[in-house]
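Protein chains: 2
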Amino acid sequence: MYRSHNCGQLRISDIGVETTLSGWVQVSRDFGGLTFVDLRDRYGITQIVFNMDDNQDLCEQARKLGREFVIKVSGQVRERSNKNPNRPTGEIEIEASSLDILNASKVPPFTIEDESDGGDDIRMEYRYLDLRRTPLQQNIRFRSKLALETRKYMDSQDFIEVETPFLIKSTPEGARDFVVPSRMNEGQFYALPQSPQTFKQILMVGGFDKYFQIVKCFRDEDLRADRQPEFTQIDCEMSFVTRDEVLKTFEGLTRHLFQELKGIELGDFPWMSYDDAMAMYGSDKPDLRFGMEFKYLNDALQGHGFGVFDSAETVVGVLAQGIADDYSNKQMKELTSWVQRPQIGAKGLVYVKYQGDGTIKSTVGKFYSDEVLLKVLQDHGAKPGDVLFILCGEEEKTRKQLNELRLEMGRRLGLMKEGDFKPLWVIDFPLLEWDEDSERFHAMHHPFTAPKVEDVDRMLTGDHETMKSLRADAYDLVINGSEIGGGSIRIHDRELQSKNFDLLGFTKEEAQAQFGFLLNAFEYGAPPHGGIAFGFDRLAAVMNGQSSIRDFIAFPKNNQGRDMMIDAPSPIDQTQLDELSIALNVQAE
Amino acid sequence: MYRSHNCGQLRISDIGVETTLSGWVQVSRDFGGLTFVDLRDRYGITQIVFNMDDNQDLCEQARKLGREFVIKVSGQVRERSNKNPNRPTGEIEIEASSLDILNASKVPPFTIEDESDGGDDIRMEYRYLDLRRTPLQQNIRFRSKLALETRKYMDSQDFIEVETPFLIKSTPEGARDFVVPSRMNEGQFYALPQSPQTFKQILMVGGFDKYFQIVKCFRDEDLRADRQPEFTQIDCEMSFVTRDEVLKTFEGLTRHLFQELKGIELGDFPWMSYDDAMAMYGSDKPDLRFGMEFKYLNDALQGHGFGVFDSAETVVGVLAQGIADDYSNKQMKELTSWVQRPQIGAKGLVYVKYQGDGTIKSTVGKFYSDEVLLKVLQDHGAKPGDVLFILCGEEEKTRKQLNELRLEMGRRLGLMKEGDFKPLWVIDFPLLEWDEDSERFHAMHHPFTAPKVEDVDRMLTGDHETMKSLRADAYDLVINGSEIGGGSIRIHDRELQSKNFDLLGFTKEEAQAQFGFLLNAFEYGAPPHGGIAFGFDRLAAVMNGQSSIRDFIAFPKNNQGRDMMIDAPSPIDQTQLDELSIALNVQAE
Numbered sequence: 116m117y118r119s120h121n122c123g124q125l126r127i128s129d130i131g132v133e134t135t136l137s138g139w140v141q142v143s144r145d146f147g148g149l150t151f152v153d154l155r156d157r158y159g160i161t162q163i164v165f166n167m168d169d170n171q172d173l174c175e176q177a178r179k180l181g182r183e184f185v186i187k188v189s190g191q192v193r194e195r196s197n198k199n200p201n202r203p204t205g206e207i208e209i210e211a212s213s214l215d216i217l218n219a220s221k222v223p224p225f226t227i228e229d230e231s232d233g234g235d236d237i238r239m240e241y242r243y244l245d246l247r248r249t250p251l252q253q254n255i256r257f258r259s260k261l262a263l264e265t266r267k268y269m270d271s272q273d274f275i276e277v278e279t280p281f282l283i284k285s286t287p288e289g290a291r292d293f294v295v296p297s298r299m300n301e302g303q304f305y306a307l308p309q310s311p312q313t314f315k316q317i318l319m320v321g322g323f324d325k326y327f328q329i330v331k332c333f334r335d336e337d338l339r340a341d342r343q344p345e346f347t348q349i350d351c352e353m354s355f356v357t358r359d360e361v362l363k364t365f366e367g368l369t370r371h372l373f374q375e376l377k378g379i380e381l382g383d384f385p386w387m388s389y390d391d392a393m394a395m396y397g398s399d400k401p402d403l404r405f406g407m408e409f410k411y412l413n414d415a416l417q418g419h420g421f422g423v424f425d426s427a428e429t430v431v432g433v434l435a436q437g438i439a440d441d442y443s444n445k446q447m448k449e450l451t452s453w454v455q456r457p458q459i460g461a462k463g464l465v466y467v468k469y470q471g472d473g474t475i476k477s478t479v480g481k482f483y484s485d486e487v488l489l490k491v492l493q494d495h496g497a498k499p500g501d502v503l504f505i506l507c508g509e510e511e512k513t514r515k516q517l518n519e520l521r522l523e524m525g526r527r528l529g530l531m532k533e534g535d536f537k538p539l540w541v542i543d544f545p546l547l548e549w550d551e552d553s554e555r556f557h558a559m560h561h562p563f564t565a566p567k568v569e570d571v572d573r574m575l576t577g578d579h580e581t582m583k584s585l586r587a588d589a590y591d592l593v594i595n596g597s598e599i600g601g602g603s604i605r606i607h608d609r610e611l612q613s614k615n616f617d618l619l620g621f622t623k624e625e626a627q628a629q630f631g632f633l634l635n636a637f638e639y640g641a642p643p644h645g646g647i648a649f650g651f652d653r654l655a656a657v658m659n660g661q662s663s664i665r666d667f668i669a670f671p672k673n674n675q676g677r678d679m680m681i682d683a684p685s686p687i688d689q690t691q692l693d694e695l696s697i698a699l700n701v702q703a704e
Numbered sequence: 116m117y118r119s120h121n122c123g124q125l126r127i128s129d130i131g132v133e134t135t136l137s138g139w140v141q142v143s144r145d146f147g148g149l150t151f152v153d154l155r156d157r158y159g160i161t162q163i164v165f166n167m168d169d170n171q172d173l174c175e176q177a178r179k180l181g182r183e184f185v186i187k188v189s190g191q192v193r194e195r196s197n198k199n200p201n202r203p204t205g206e207i208e209i210e211a212s213s214l215d216i217l218n219a220s221k222v223p224p225f226t227i228e229d230e231s232d233g234g235d236d237i238r239m240e241y242r243y244l245d246l247r248r249t250p251l252q253q254n255i256r257f258r259s260k261l262a263l264e265t266r267k268y269m270d271s272q273d274f275i276e277v278e279t280p281f282l283i284k285s286t287p288e289g290a291r292d293f294v295v296p297s298r299m300n301e302g303q304f305y306a307l308p309q310s311p312q313t314f315k316q317i318l319m320v321g322g323f324d325k326y327f328q329i330v331k332c333f334r335d336e337d338l339r340a341d342r343q344p345e346f347t348q349i350d351c352e353m354s355f356v357t358r359d360e361v362l363k364t365f366e367g368l369t370r371h372l373f374q375e376l377k378g379i380e381l382g383d384f385p386w387m388s389y390d391d392a393m394a395m396y397g398s399d400k401p402d403l404r405f406g407m408e409f410k411y412l413n414d415a416l417q418g419h420g421f422g423v424f425d426s427a428e429t430v431v432g433v434l435a436q437g438i439a440d441d442y443s444n445k446q447m448k449e450l451t452s453w454v455q456r457p458q459i460g461a462k463g464l465v466y467v468k469y470q471g472d473g474t475i476k477s478t479v480g481k482f483y484s485d486e487v488l489l490k491v492l493q494d495h496g497a498k499p500g501d502v503l504f505i506l507c508g509e510e511e512k513t514r515k516q517l518n519e520l521r522l523e524m525g526r527r528l529g530l531m532k533e534g535d536f537k538p539l540w541v542i543d544f545p546l547l548e549w550d551e552d553s554e555r556f557h558a559m560h561h562p563f564t565a566p567k568v569e570d571v572d573r574m575l576t577g578d579h580e581t582m583k584s585l586r587a588d589a590y591d592l593v594i595n596g597s598e599i600g601g602g603s604i605r606i607h608d609r610e611l612q613s614k615n616f617d618l619l620g621f622t623k624e625e626a627q628a629q630f631g632f633l634l635n636a637f638e639y640g641a642p643p644h645g646g647i648a649f650g651f652d653r654l655a656a657v658m659n660g661q662s663s664i665r666d667f668i669a670f671p672k673n674n675q676g677r678d679m680m681i682d683a684p685s686p687i688d689q690t691q692l693d694e695l696s697i698a699l700n701v702q703a704e
């Protein structure tokens, strides 16, 4: 037996108990007559004392213990003279009567402490040491609990978890597939699922009614920061539902998770159309922890002889509160440079300061009288102390730039408060996006998304321009500016699905080859259905106010898609290639 | 809104309620003035009545409904005159006042009933229809509940569910890997995990202490009946544990699952050594629902002048109770042919009938006096009416043959009772198996399995012959003759792990290239640890007394590894091949 208790368990009420603990040496301190060892396991840290007077051999053995040695200690629980109120076990210590070294440890390449001194690469290579750190332990435990609470809630709502297959069929639509050569079917490949989309729809056709799954998905994309080639989804689908029932169900799930895991009662989940979100925030995932809605200023500011505004499609601003007297010219210049960076791409930044004393100061003061500017400010709810920042140009571009500025001001002014969570449903997305380069439509959500009921006729009979205006019965859940998930009511009618494939540029043959099974299934009594998928890694990070998903994944890959610890991917044997009937086709460098 | 209630919900207490139901037409019966429709969804079946007198249009619409049409019906709940006591909703029916056809259906290629008239291939191709059948719905729901209860129990025991990666590294040991070409790392491949073995051990080194996961695993093997290329495991690992603690934990899980899902209180889980299991049953997974232990007869039957027995290494039998007077000569002959089939491979079958009247009848009567045979029978507990079946030959082979005969007699005599569950821990497996063909050792469990503590010294210092006698700290859970799972205490010492790799024929370089990360991890304070994995598909089938796992998997593959519904695997585009830097190397036929 390695332990009678764990290292987070013993308390003052256990004094006198004979105990055996096993764990890692967090630190060992030698005070001559006494040696103190902090023994750590997943559950906590307990102090062990070795006394030179009582047992010299044991104490000398203890002096040789290095950090991260694995030991087993037996002894009696006693009260500490020097208590540590910051530790649940801080009132007691173990007077050691025996010690076994279960395993030694080399000196770790970085310290196993909350704030590690290891860089990203070394932490990835020695992930087993990084995972010992408390913040990572907490993240991975949070993730485990998040999954369990998700499952309990879904079960309470009568959902069935069904495992869909991982070895499926490659479809060149959307992102790139990871593929798997089939040994038994020469020259053929499986693909790893980008999502279980078609299978969950098939489950609805199969009568499962309410399906969910917490499931790994795969996308072979060039990895940007915080993208992983394999990621986890909470994937759901329901039959005989309208959009509102789907939103209600997953609002319920989200509330439950925040309540159970964070003790937070979420406020209302407002709904906002895609068009409104773009108009008010220049983004389909606005952070609602703060206001700063867009102010459209064409009417107010065009026609006053300021050519830059007069010639712009859109003149639009945001109001930053209470900074007019504090923000220096230097800061304003720096902010102008910030919006002019290539990543943002604004030509310039106009501001109107409504100073504390009621006076106006503006970069466009020579084009507008103070009266005009004051009226603009007051019409848009500004108070003395506020600054109106204005961008102008082509509408879509300018909105995106102003979205970046709004978020940056939110960060600078501390408006994105930790512990504050603002959920939002964004609804009524466009069904199709016209891509100028390839001259074809793309599905904004995916090819299985239904148009809104009132747009079905226009979709079946309309012309090319009409298609651009179709709205999808699609929705996204956004929390604090992060997209947590999205979904839609699906097409369940073969004719409408075929029409959609047509619009997306599939030939009949391509549609049949790739999705024939789904089209066929629609002919055997497919029920109306819809669903949603939440990004599980993202949800875990957002609930903890963190922006990176990597520390919520036990074994993440780096930006080149490599697992640094196991050193994968790697070459395989020629025998394996031969068995799979493939050959390498690597260009000499 | 598509429904106010589901099709399994309404009762006699709901009479008068206005309701809306949606579902599939199970059957429609036209009785002239009245048309009855059985409306089905996941929750049950409700009878709908359309009345020609009340609403002619509606009734005529209803007459046109085919099987599997998807409809929405509104109406009032009323008491049935002709009640159906076999159906929870059988006391009521809905008097329809409106009908919407949500989707039509072609005539299904087989009937959606408990006993389908579809063959395997057609059922696989139209899996969405097969999944509508009640037995499959029940299986998939059972599986969902089994997973949830597993998770709840593991959580109650402080286990953390951690997701391990799917894109890992190929290791040519063991079964064949499925591999995934990496686009970003030219000429390199990921492998899909055959199990999360090394990752769960890394998690122990990372201090997670108690890990579990319900996880998909992949093996590219030639598929025998009831093998799937992707399958699901309950995968577990614990730190600071001995074998007995692991067995106790997973006995607890198994008890919990039988209790919660089947309402069955399992009896004791006996432990049996591998050697005993092989000696008593000729199998490492004996079915303990019935006895028929092996009787070794060398001492009793050799030296009596019967050359076949005298020259055999082993003479061994089983006792079949109460059939001596019933089993005809013809049946005995048929049984002899059965054991002589190439799949079994016995040379012949000897029997000794202890007839009801106390007399003896035997195929070897001319070599043995009745007194000798009677003594053998009585010494081995036979009673009048029993038959002793005897095989002889080389020990290992003969045991296997007799195991097959024992199981066959168990089946023929109805000794494998439905609803009877007999769990068994088989322990103390050999560590290494000598393979005559390749002249090397194979790991009986896997290369990370620890020898029993008392065998460590012999392993580190012994000669070649010694290695054959090493016992592993490994264990299997067997229920009713099916292997539910297996595991072991692992090596956590770098030196011992290196020694094991040596024995298994790895060069130092191979061991480092494939498992360097684990060997390195062992140098940074690896705790003693061990674990187990249960076959989840198998567990679900065995708990339901079924032998095939296929109907407990929503989307299984056929014996050629094909998904018949989506028609995968399939060829991929040249562009995809080029991006992955691979070429097909398919032989012209």
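Protein chains in written order, with the numbering used here: chain V, 116 to 704; chain E, 116 to 704.
Even for Gly, the Cβ is constructed at its ideal location relative to N, Cα and C.
Mind checking whether residue i and residue j have CB atoms under 9 Å apart?
i, j, result
"E:Ile349", "E:Phe165", "no"
"V:Ile209", "V:Leu125", "yes"
"V:Ala279", "V:Val330", "Looking at the sequence provided, one finds Thr at residue 279 of chain V rather than Ala. In this structure, V:Val330 lies closer than 9 Å to V:Thr279 by Cβ."
"V:Trp139", "V:Arg247", "yes"
"V:Val541", "V:Ala394", "no"
"E:Phe728", "E:Glu569", "What is shown of chain E runs 116 to 704, which leaves residue 728 of chain E out entirely."
Answer with yes or no whether the minimum CB distance from residue i to chain V is below 9 Å.
i, result
"E:Trp139", "yes"
"E:Ser297", "yes"
"E:Thr313", "yes"
"E:Leu539", "no"
"E:Leu217", "yes"
Hey, could you find the ends of the alpha helix (DSSP H) residue i is sitting in?
i, result
"V:Gly422", "422-425"
"V:Cys174", "171-178"
"E:Ile237", "235-240"
"E:Leu416", "413-416"
"V:Gly631", "623-636"
Can you grab the Cα-Cα spacing for the pair residue i / residue j, in whole Å?
i, j, result
"E:Met680", "V:Phe637", "13 Å"
"E:Thr564", "E:Asp588", "7 Å"
"V:Ser143", "E:Ile606", "27 Å"
"E:Phe231", "E:Phe225", "Just to set this straight, residue 231 of chain E is Ser in the shown sequence, not Phe. Approximately 7 Å, taken between the alpha carbons."
"E:Ile379", "E:Phe373", "5 Å"
For the putative contact between residue i and residue j, defined by C-beta atoms under 8 Å, what is the C-beta separation to the nearest angstrom?
i, j, result
"V:Leu381", "V:Arg370", "5 Å"
"E:Lys712", "V:Tyr639", "Residue numbering for chain E in the displayed model covers 116 to 704; residue 712 of chain E lies beyond these limits and cannot be assessed."
Starting from residue i, follow the beta strand (DSSP E) in both directions and report where the run begins and ends.
i, result
"E:Val491", "Counting along the chain, E:Val491 falls outside any beta strand (DSSP E), though it belongs to the alpha helix (DSSP H) covering 485-494."
Using a beta-carbon distance below 9 Å, is residue i in contact with chain E?
i, result
"V:Ser220", "yes"
"V:Leu520", "no"
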